[in-house]
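As C-alpha cells, the structure follows; a few thoughts come after it.
Residue numbers (the numbering used here): 1 to 276.
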C-alpha cells in the first residue's frame, strides 16, 4: 500500500500527462487496444458475419473438443456477493498511473438498441483476491456501456455438426473510471456487471485455433461458495479441462522515472526564462 500512495504523489507532480490506452490482457503494452475476442468475419463453418461485424466463436483443439462456455456469469445473484470475475496483470517499471478499465459482457437476446448493463463495480487488488493476504488498493466507478462489432457464438464445427451461428449475443464494452498509481508488480482486477434484469455473461479470451489464449491462464470467478478457477470443461465433456483468461483493457500512462521528472521541471524552467 505504501508504494501505491507514494507513486500517487509522484504522478500528481507530473501534471499534464494525457491518459491513453496502456495495456491489453491480450496484447500487453505493445498492443494496448487488442481485445482478444475476435475470430474474424467468417465462422469455422464458413458463415459470414453481418456487414460491419465479426464473430467471436468458441474455439476447438483440433482433436474433436470445443470450448463449451460462451461466457461466464459476471452479474449479481442472491446475497453472497456472487458473481464476480478476476484476473491479473503486471505493472512494469517505473510504474503506471491508471485512469480507466474496459471489460466485456453480453446478455443473450438483448437488442443492439438496448442498454442491458447499467452499473457495476471494480476493485484492484495487490494479490489474488481469493487469498486472505490480499488487499484492495483501489476501486473504480461505472462509466458506461457501448456496443462492440462482435457477436459471440458457440463452435460451428465441433463436435459435428456444430452449432448454427446467430446474432443473439452482441458483446458490449463496459467502462470504469480509475484513479490510482501503481508501483511495479503483479495486481488483480475483479469486477461485477449490473443488468437491468436477467444475467450478464463475460466471454473469455478467444484465440483462433486454441481453446485457451496462453499457458498459465488463471482467471477466477467468485461463485456462491467462494472463488474458483475459470475452467472450460469442453464439449464433449470427456475432453480436457482448460483454464481461461479474461479480456480487458487498461487506460493510463507510464509514470515518468524520477530523472525524467527532473528533466521535465528543467524544461519548464528554461521555457519560462525564454518567455520573460
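Using N, Cα and C, we set each Cβ at its ideal position, and we do this for glycine too.
Please read all numbers here as calculations on a predicted model, not as lab measurements.
Per-residue burial, residue i [other beta carbons within 10 Å of its own, 16 or more giving buried]
i           : result
residue 212 : buried
residue 285 : This structure cannot settle anything about residue 285, because the visible part of the chain is limited to 1 through 276.
residue 214 : exposed
residue 181 : buried
residue 242 : buried
residue 235 : buried
residue 237 : exposed
residue 203 : buried
residue 95  : buried
Beta strand (DSSP E) segment containing residue i, residue limits
i           : result
residue 278 : With the chain running from 1 to 276 in the structure shown, residue 278 is simply not present.
residue 105 : 96-105
residue 244 : Looking at the DSSP string, residue 244 is not in any beta strand (DSSP E), and its letter there is neither H nor E.
residue 226 : 226-229
residue 35  : Segment: none, residue 35 is in no beta strand (DSSP E) and carries neither H nor E.
residue 192 : 185-195
residue 89  : 84-91
residue 303 : The requested residue 303 does not occur in the structure, where the chain is confined to residues 1 to 276.
residue 124 : 117-125
residue 221 : 220-223
Distance CB(residue i)-CB(residue j) smaller than 7 Å
i           : j           : result
residue 170 : residue 112 : yes
residue 73  : residue 168 : no
residue 186 : residue 88  : yes
residue 134 : residue 127 : yes
residue 246 : residue 219 : yes
residue 99  : residue 208 : no
residue 118 : residue 143 : no
residue 188 : residue 51  : no
residue 91  : residue 32  : no
residue 232 : residue 67  : yes
residue 45  : residue 140 : no
residue 239 : residue 80  : no
Rounded straight-line distance, which links the Cα of residue j to that of residue i
i           : j           : result
residue 43  : residue 165 : 8 Å
residue 130 : residue 25  : 20 Å
residue 70  : residue 101 : 22 Å
residue 248 : residue 160 : 32 Å
residue 224 : residue 256 : 42 Å
residue 106 : residue 258 : 43 Å
residue 116 : residue 195 : 5 Å
residue 252 : residue 21  : 6 Å
residue 93  : residue 30  : 15 Å
residue 124 : residue 110 : 29 Å
residue 190 : residue 82  : 11 Å
residue 158 : residue 230 : 21 Å
residue 173 : residue 63  : 32 Å
residue 145 : residue 35  : 15 Å
residue 7   : residue 254 : Because the pLDDT at residue 7 is just 41, under 50, the model does not fix this residue reliably, and the value given afterwards should be weighed accordingly. Their Cα atoms are separated by approximately 11 Å.
residue 175 : residue 197 : 19 Å
residue 137 : residue 221 : 20 Å
Range covered by the alpha helix (DSSP H) that runs through residue i
i           : result
residue 258 : 258-275
Short CB-CB distance (under 7 Å) between residue i and chain B
i           : result
residue 238 : Protein chains in the displayed structure number just one, and chain B is not present.
Subject >> the segment 140-158 / the segment 51-60 touching (three or more Cβ pairs under 8 Å) >> reply: At 8 Å Cβ cutoff, the stretches touch.
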